[in-house]
Amino acid sequence: MKMVAIALLRNFKVEVVEGHHVSPTVSIILHMKHGLKVNITKRCVSDSNTVLSIIYWLCVLSPN
Numbered sequence: 001m002k003m004v005a006i007a008l009l010r011n012f013k014v015e016v017v018e019g020h021h022v023s024p025t026v027s028i029i030l031h032m033k034h035g036l037k038v039n040i041t042k043r044c045v046s047d048s049n050t051v052l053s054i055i056y057w058l059c060v061l062s063p064n
């Protein structure tokens, strides 16, 4: 699962839509009522290398 997240974050830029109201649902598990609206754009090569190095260090330092 981490590899999928790394691949997505490395190749795409994910930004939350400005002005989107996020409200939780009443549940044991915290879900967003209407989801989380995001804009996804393809990264250029230099951006993806920077993100890859950040994600790599987060995974290395992560206890799981």
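Under our numbering, residues 1 to 64 are what the sequence shown spells out, in order. Yeah, the Cβ is synthetic: ideal placement off N, Cα and C, and Gly gets one too.
- Spatial neighbours of L58 in its own chain (CB-CB distance under 8 Å, excluding positions within 5 residues in sequence) are not present.
- By the Cβ test, the stretch 25-38 is not in contact with the stretch 2-9, since fewer than three Cβ pairs between them sit closer than 8 Å.
- C-alpha of T41 to C-alpha of R10: approximately 11 Å in a straight line.
- Under the DSSP assignment, K33 falls outside any beta strand (DSSP E); it carries neither an H nor an E label.
- The alpha carbon of R43 has as its nearest neighbour, out of K2, V14, I54, the alpha carbon of V14.
- DSSP places V26 outside both helix and strand once states are collapsed to three, so it counts as coil.
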